[in-house]
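Report on the following structure.
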C-alpha cells in the first residue's frame, strides 16, 4: 500500500471526465502541474479515445500519466448522488475513488458533480475512526492573505462535538496547505460575547478552550471578520459555512460588476481605467479564485479532492497541487493521530 | 390612541442618549429629517442639559421637538439585555419605548444597545397576535437596487412556521419601504433543488408555495445570489441571516481596503484615481450604508426602530425616515390583517 511518506513517489488518480470542460482541462491541468512536479505520476480514468489525442497535445501530461483506465461511463453533472452511488461504480469518478480505496493511488481529484463525489467518496473511503461526519474544507483569500474554512456544505447541521473535530481537522489542513505552524482557530457566531449564539456553538467553544496547546483558540468571530484574516481557520456548520462562502463570492462579484458598469458609463473613468490596469491585474491575481481551487472532503480515510466544475486547466492544476500537498503532509495520519490523542476530543462521544 | 392613519400628525419618540455620538447626532438627525418633513413631531428622551443647547444649534429640530422628557438614566452600550430589562425602565431607551406602548407616539428610534432595545421592546410592546417571534428586518443594497432581508439576528433558530411568517412580514415591509407592489420572496438555502437544505427550510418552502396570490414565492436562493438582486425579500433564520449580512459588509470592506492599498502603492494608480473620482463618488453613494440605516423589530405590536450605533446625523435621519415610512404605511395593521387572513398561515400553530 502506498503511504503518504514523501520519500515514495506520489500517485494521483484523475477523473478525466468530470467538469464542464472535461477532458480537455483535466489533461491540461495535469500538464501544467507536471511541468514543475516530475516526481508525481497519474492514473487517468475516462474515455481513452478522447484522452489519447490530448496526451499528444500535452507532453508533460503524457510523460507523467502512467496508466489510462478506460471507461465509457461517467457521472452527469445533474445526476442525483443516490443514483450515482447505485450505478456509478464503473464511472470515471467511481473508479478514481476506488483506486484510492485500493491503495494504488494516494489521492483522487475530480471536477465532477459535488454531491455524487461526496456520497461516493464517503461510501467507498469511509470515515476515519473517531470522526462521525466529513466536512468540506478549502482555502479562501482574505484581505491580508489566506485562511481555511470548514464546513462548506457537507452537512446541514453539526453538534458541538462535530464542530470541535472540524476545528482539529481544520488546524491540520491549514498546516498542510498554508504552512502555518500554530494556526489560530475561530468559531463563526453572531456575536463575540460568550453568552451569544447557538448552544452547539457555545458548547464547542467550551471544548476548544480546554487545551491551548492543542488548539490555539481565538474565540468567536463574526461574519464581517471572515474576510479580514482575523484567524487562520474559520469553523462553522455546513449550512452557515456554505452561505458565508457563497455570500463572499456573490458580494465580490456584485462589486466587481458595479465597477465594470462604472467604467463603461464615463469616458473619464475609461481613461482612469488605463492607468489602473497594472493595479487591477495585481488585484485580480490576488483574488483569482482559480488559485484556491480544490476542496477536500476531510475526515474520510482517503484523500478525495473536489475541483470547481468550471475549472480551466490552470485551476485544475491547482486542485492537483492541493492533493499533492495533502499527500506530502501525510494529512490522513496526522488527523488520525490528533483525533486519537487530543485531550479536548477524548471526552466526546 | 394615535393610529397609523396618515391624515393624523405623526409623533416619533427618540432615545436621544443611544449610540456612539449621542446626543449630538440624534438631535442633528432630527434636524436633517425635519427640514423636509414638517408634518412630523418628536418627543425626545434624555439629558435635558445636553439636549437644550443642541436644539439652539439645530433650528429645524427645535421646531419639531414638541417635548423633552428628562432622564439621567441611559442604557450603556455593553449592558446585558437582562440587566437593561430589569433596571432600564426609567432610561431614555425604556421611556421612549414605553411612549409607543402608551399610544402617545407612533414609533420610537434608538441607536443604543441592540440586545437591550430588542429585549425591552419585546417586553413592553409584546408580540402581534399570531406572531410567535419578532425578527430584525432591514433594507440592503444589491447590484441593481435594494432588497429586504430578515431575520438578521433576533432569533438563533427558527422553525418552518416562523420562516413563513417572516416571509409575510418581509413582504409587507418591502411594500412599505421599497414601494414594490408584489415583491418576490426567496428562502436562503444551500442549494436550489427541492431536496437540498434543512428540514425547516424545505417545509417553509412547501408552505410558501401554497398560495401565489398571497406570496410571490421565487423558491430557494443561495448566498451568491443575495447581492444580485434576484429577489425583493430574502427570508432566513437569524443565525444565517446575521452571518450573511455581516459577511457582505466584511467582503465589501475587504475589497474597498484592497483597492485603497492599491491606490497607495503606485503613482500610475494615483493618477488613475483622479480620473475615477466621479465614478467612485457615485459608487460610494450607491453603497453608502448610511442610506439604509434603520432596522425594525418586526412582529411586535408597535414600531421600534434600531439605528446603527455609530450613526452620524445623516444616518440617524434615515432611521427616522424608516420609522416615518412604516407609520405612514400602517405596517402594524397590515401585518395583523395578513397574519389573520392569509390562507398559507392558517394551518400553522
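Chains as they are written, first to last, in this note's numbering: chain A, 1 to 349; chain B, 1001 to 1349. From the three backbone atoms N, C-alpha and C, an ideal C-beta is built for every residue, glycine too.
Item	Value
For residue 1232(B), name the three-state secondary structure that DSSP assigns.	coil
Do you know how far the Cα of residue 300(A) is from the Cα of residue 333(A)?	11 Å
Residues of the stretch 1269–1297 of chain B with a CB closer than 9 Å to any CB of chain A: list them in chain order, please.	1269, 1270, 1271, 1272, 1273, 1274, 1275, 1276, 1277, 1278, 1279, 1280, 1282, 1283, 1286, 1287
Of all the CB atoms in chain B, is at least one closer than 9 Å to the CB of residue 333(A)?	no
What beta strand (DSSP E) runs, 3 residues minimum, are completely inside the stretch 254–312 of chain A?	295–298, 303–306
For the alpha helix (DSSP H) holding residue 1031(B), just list the boundary residues, first then last.	1024–1035
Compile a chain-ordered list of the residues in the stretch 1198–1212 of chain B whose CB is closer than 8 Å to at least one CB of chain A.	1198
Which partner residues of residue 67(A) appear in the DSSP bridge assignment?	43(A)
Would you decide whether residue 141(A) is buried or exposed? Buried here means 16 or more other CB atoms lie within 10 Å of its CB.	buried
What are the boundary residues of the alpha helix (DSSP H) that residue 1226(B) is part of?	1223–1226
Using 10 angstroms around the beta-carbon of residue 175(A), count the other beta-carbons present and answer buried if the total reaches 16, otherwise exposed.	buried
Which residue marks the beginning of the alpha helix (DSSP H) containing residue 89(A), and which one marks its end?	That residue, residue 89(A), is in no alpha helix (DSSP H); it is neither H nor E in DSSP.
Under a Cβ-count criterion, where at least 16 other Cβ atoms within 10 Å of its own Cβ denotes burial, should residue 127(A) be classed as buried or exposed?	exposed
Where do the ends of the beta strand (DSSP E) carrying residue 150(A) lie?	145–150
For residue 364(A), collect the residues of the same chain with a Cβ closer than 7 Å to its Cβ; drop the 5 residues on either side in sequence, then sort them by chain order.	Nothing about residue 364(A) can be reported from this structure: the residues present for chain A run from 1 to 349 only.
In whole angstroms, what separates the C-alpha of residue 1221(B) from that of residue 1186(B)?	6 Å
Just the chain A side, please: which residues come within less than 7 Å of residue 1086(B) by C-beta, in chain order?	Within chain A, no residue comes near residue 1086(B); the closest Cβ sits about 16 Å away, beyond 7 Å.
Using DSSP with H/G/I as helix, E/B as strand and the rest coil, what is residue 346(A)?	helix
Buried or exposed: which applies to residue 242(A), given that a residue is buried once 16 or more other Cβ atoms fall within 10 Å of its Cβ?	buried
So what does residue 1136(B) bridge to, in DSSP terms?	1297(B)
Going by other Cβ atoms of all chains shown within 10 Å of its Cβ, with 16 needed for buried, is residue 290(A) buried or exposed?	buried
Going along chain A, which residues have a C-beta under 8 Å from residue 1239(B)?	190, 197, 198, 240
Near residue 1046(B), which residues of its chain fall below 6 Å by C-beta distance, leaving aside the five closest residues on each side in sequence?	1016, 1017, 1023, 1092
Drop a sphere of 10 angstroms on the beta-carbon of residue 162(A), count the other beta-carbons inside from all chains shown, and report buried for 16 or more, exposed for fewer.	buried
To which residues does DSSP link residue 1320(B) through a beta bridge?	DSSP lists no partner for residue 1320(B).
Let me check understanding here. Comparing Cα to Cα, which of 278(A), 20(A), 200(A) lies closest to residue 111(A)?	20(A)
Do residue 338(A) and residue 345(A) have their C-beta atoms closer together than 9 Å?	yes
Is the beta carbon of residue 313(A) less than 9 Å from the beta carbon of residue 239(A)?	no
In whole angstroms, what is the alpha-carbon distance linking residue 1246(B) and residue 72(A)?	47 Å
Apart from the five residues just before and just after residue 118(A), which ones in its own chain have a Cβ nearer than 6 Å to its Cβ?	297
Would you give the residue range spanned by the beta strand (DSSP E) that residue 1014(B) belongs to?	1010–1015
Do you know offhand how far residue 1002(B)'s Cα is from residue 1026(B)'s?	Residue placement at residue 1002(B) cannot be trusted, given a pLDDT of 45 that sits under 50; what the coordinates show is reported in the next sentence. Using only the alpha carbons, I get a separation of about 24 Å.
With 9 Å set as the bound, which would you pick, yes or no: does the beta-carbon of residue 1143(B) sit closer than that to a beta-carbon of chain A?	yes
According to the Cβ coordinates, are residue 29(A) and residue 319(A) closer than 9 Å?	yes
DSSP on residue 1107(B), reduced to helix/strand/coil?	strand
Quick one: using the 10 Å Cβ neighbour count with 16 as the cut-off for buried, is residue 56(A) buried or exposed?	exposed
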